[in-house]
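Okay, so here's the structure we're looking at.
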Amino acid sequence: MSKTKTPAGCPCGGGPSLAACCGPYIEGSALPATAELLMRSRYTAYTLKNEPYLLVTWHPSTRPTERIVDPDEPLQWLGLEVKSTLRLRQRKADFAGQDHPDQDYVEFVARFRQGGKGQRLHEISRFLREPDPSLGGTPRWFYVDGDFPTKE
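With full-length UniProt numbering, letter number 103 in the sequence shown gets 103, and the count goes up by one each step, no holes.
Structure representation (structure tokens):
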């Protein structure tokens, strides 16, 4: 009796397969409708070492000019945990005194292994939704920057 290999879920953990989750965003056939979906697709792009997608989804005002992915780096992404984006969005809106529908925040923890050592990246990312000239002005979400919470 032969064993059939079950297709792996999407690297972001949000879908049963890459094709049913982040794949359409990364290949350019769909745009993420929310900042969280963009963040998940960017995590997946990091696992795939897909630098072009990371650059096109990075806001032009903060987009790096140097390489962001080293194809030879022995980095293994292990998983993604998205914290409550709703609670974070409400906290940011309360602090600023108003809600901005074209700005959002996503807090996440990404786990990875580098040089045999497990590590965690904990970030609160900021996203903006703006018209994209390369898409004829169609609005899309962009990653802007992030803060790294410290343990207290």
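We treat Cβ as the ideally placed atom computed from N, Cα and C, and that holds for glycine. Being a predicted model, the structure only gives us computed values, none of them experimental.
- Excluding its 5 nearest sequence neighbours in each direction, Val106 has C-beta neighbours in its own chain below 6 Å: Ala35, Glu36, Met39, Thr85 and Ser125, listed in chain order.
- The C-beta of Ser41 has 16 or more other C-beta atoms within 10 Å across all chains shown, which makes the residue buried.
- Taking Phe142 as the centre and dropping the five residues before and after it, the same chain places the C-beta of Thr57, Trp58, His59, Phe127, Leu128 and Glu130 closer than 7 Å to its C-beta, in chain order.
- A residue is called buried once 16 or more other Cβ atoms fall within 10 Å of its Cβ, and Ile68, having fewer, is exposed.
- Scanning its chain for C-beta atoms nearer than 8 Å, with the 5 sequence neighbours on each side dropped, one finds around Gly115 the residues Pro74, in chain order.
- The three-state secondary structure of Arg63, taken from DSSP, is coil.
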